[in-house]
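Remarks on the structure that follows.
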Amino acid sequence: MRALLDSLFAAYGPQHWWPAQSVEEMMVGAILVQNSSWTQVERVIAQLQLHDLLSLAALRQMPAEQLWPVLRPVGFFRLKTRRLKALADFMAQYDDRPEQLFQQETQRLRQSLLQVNGIGKETADAILCYGARRPLFVVDAYTKRLFYRLGRVAENASYDTIQAMVHQGLPNSAEQLGELHALIVCHGKEHCRARPRCALCPLHFCPAFGRLSP
DNA sequence: GGCCAGGACACCA
DNA sequence: TGGTGTCATGGC
Numbered sequence: 295m296r297a298l299l300d301s302l303f304a305a306y307g308p309q310h311w312w313p314a315q316s317v318e319e320m321m322v323g324a325i326l327v328q329n330s331s332w333t334q335v336e337r338v339i340a341q342l343q344l345h346d347l348l349s350l351a352a353l354r355q356m357p358a359e360q361l362w363p364v365l366r367p368v369g370f371f372r373l374k375t376r377r378l379k380a381l382a383d384f385m386a387q388y389d390d391r392p393e394q395l396f397q398q399e400t401q402r403l404r405q406s407l408l409q410v411n412g413i414g415k416e417t418a419d420a421i422l423c424y425g426a427r428r429p430l431f432v433v434d435a436y437t438k439r440l441f442y443r444l445g446r447v448a449e450n451a452s453y454d455t456i457q458a459m460v461h462q463g464l465p466n467s468a469e470q471l472g473e474l475h476a477l478i479v480c481h482g483k484e485h486c487r488a489r490p491r492c493a494l495c496p497l498h499f500c501p502a503f504g505r506l507s508p
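According to the numbering used here, the residues represented by the first sequence are 295 to 508, in order.
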């Protein structure tokens, strides 16, 4: 696992994740990006900011119908509006202050996040790793695909299986676990889309893996 | 026109 | 527990 982190880091350099101006924005982005492209999320976040809607309080108060047109570009806009509002309602008990939410112990914190409708394991771990700086690895579609193509896991490996494997192979460090996930996404965006490419895709050169076979 | 994008949930067997 | 349908827009 260390070697994987090293080769990705050597190829792409530090990623400085999560790309957000505040933890609040980070949490909103984590919901918006679910099964969508980050490019669209950036557009929507810019629009939210423009309309003064990039705060938990504003998202809670604004009628859903008025959020729909803003969220439309990320897809699933009705669903994600509902989820943002669920997040905002949840955060009201912490005065809309993430640092207050983050006072809890990690597993307890994870459990409370998982109870929010629209926050599953991946979104919760992203908030924990990049927002609260807790040592939890985020397993996403890029991660599953990469580990599968590297022959490290079965195609249908579960979230917990992959996460445990990474946790076992790296220090208990939010910085390193977060960096690995960010680098996997960076690599995935460039080389590992739907069909076999890059290292894992001999037809293309890959900065991280050269021309290794799948 | 088809496939896919940094998922989660309800429902079912 | 595990599989499937649903949610939806935009880029390539």
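Beta carbons: idealized from backbone N, C-alpha and C, even for Gly.
Keep in mind it's a predicted model, so treat the numbers as computed, not measured.
- Cβ atoms of residue 477 and residue 302 come within 8 angstroms of each other, at about 4 angstroms.
- Residue 350 has its alpha-carbon roughly 10 angstroms from the corresponding atom of residue 392.
- Between residue 321 and residue 421 a beta carbon distance of about 6 angstroms is seen, short of the 8 angstroms cut, so the two are scored as contacting.
- Judged by DSSP secondary structure, residue 454 falls within the alpha helix (DSSP H) whose first and last residues are 453 to 463.
- About 5 angstroms separates the beta carbons of residue 410 and residue 380, which is inside the 8 angstroms limit, making them a contact pair.
- Assigned with DSSP and collapsed to three states, residue 481 falls in helix.
- Distance from the CA atom of residue 370 to the CA atom of residue 330, rounded to whole angstroms, is 9 angstroms.
- Sorting 444, 385 and 332 by C-alpha distance to the C-alpha of residue 353 places 385 at the top.
- Counted as a single uninterrupted DSSP element, the alpha helix (DSSP H) harbouring residue 406 occupies residues 400 to 408.
- Nearest Cα to residue 435 within the set 319, 327 and 465: 327.
- Residue 304 sits exposed, since fewer than 16 C-beta atoms from the chains shown fall within 10 Å of its C-beta.
- Annotation for residue 312: 320 and 424 place their beta carbon closer than 6 angstroms to its own, counting only its chain and skipping 5 residues before and after.
- For the pair of segments examined, the segment 439 to 449 was found not to touch the segment 336 to 348: the number of CB pairs separated by less than 8 angstroms stays below three.
- Residues of the same chain with a CB within less than 6 angstroms of the CB of residue 453, apart from the 5 flanking positions on each side, are 415 and 433 in chain order.
- If you draw a 10 Å sphere on the C-beta of residue 419, you find 16 or more other C-beta atoms in it, and that means buried.
- Straight-line measurement puts the Cα of residue 437 at about 33 angstroms from the Cα of residue 344.
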